[in-house]
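Report on one structure; see the data block that follows.
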Amino acid sequence: MQKRHDLIDDICKKTIDDKLCVDSLRADPRSSSADKKGLAHIMLQLSLAKANGTYNQYLVLMKQPMEPILKQCIQICRDNYYITVTELISSIKYLDENDFFNAKSDAGAAVTCTVTCEESFTEWHPIRKDPLKKENDAFFHFNVMLSSLLNLL
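Following the numbering used here, the numbering of the sequence shown begins with 705 at its first residue and continues without gaps.
Right, here's the structure in full:
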């Protein structure tokens, strides 16, 4: 067991946020017996769960009354999270097939999603505030860390 935790420590030290990486992996019981690819798989699944959660929150927001421009911004975020969910599912499939290039490429959509989402709120004046900015920022940070982990494969 200690050897596996060393693998988590060794891999996570090479990411941009070793604490987030270690905390995320150690919270999942499957990580104790996973190899490097298995740890990447777990992290992709965590990202997918986060993307699904945020996508669902944007769906709820879309049902609320609001000014048209804010609704348009939220719709852009919702659409980007939908694409991200699809891309993360593909990324997991590619990882399972040992196609690391496409796994990394599709996982990168998660970072792009968050940037596009946040930028949509700054395109109009006055600038609107993303009601899910905190979640979006956390998802961005998680996926930048995930990308650095996937680059180790």
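In this text, a Cβ means the ideal position worked out from N, Cα and C, and glycines have one as well.
Cβ contact check for the region 764-774 and the region 800-816: 3 or more pairs under 8 angstroms: As far as the Cβ criterion goes, the region 764-774 does not touch the region 800-816, which means the pair count is below three.
Other residues of its chain near D722: CB distance less than 6 angstroms, five sequence neighbours each side excluded: C716
Buried versus exposed, by CB contacts within 10 Å (16 or more), L743: Classification for L743: buried.
Endpoints, the alpha helix (DSSP H) within which P733 is located: From DSSP, P733 is part of no alpha helix (DSSP H); its letter is neither H nor E.
The region 746-760 contacting the region 783-793, beta-carbon criterion three pairs below 8 angstroms: With a cut-off of 8 angstroms, the region 783-793 and the region 746-760 count as touching, because enough Cβ pairs lie within range.
Neighbourhood of I778 by C-beta distance below 7 angstroms, restricted to the same chain and skipping five residues each side: Y762, L765, M766
Check whether I793 and T820 have beta carbons under 9 angstroms apart: no
Three-state secondary structure assigned by DSSP to L857: coil
For K833 and F843, believed in contact at Cβ under 8 angstroms, the rounded distance: Actually they are not in contact, since the Cβ atoms of F843 and K833 sit about 17 angstroms apart, beyond 8 angstroms.
Extent of the continuous alpha helix (DSSP H) run through L750: 740-766
K740 versus R782: straight-line alpha-carbon distance, rounded: For K740 and R782, the distance between alpha carbons rounds to 32 angstroms.
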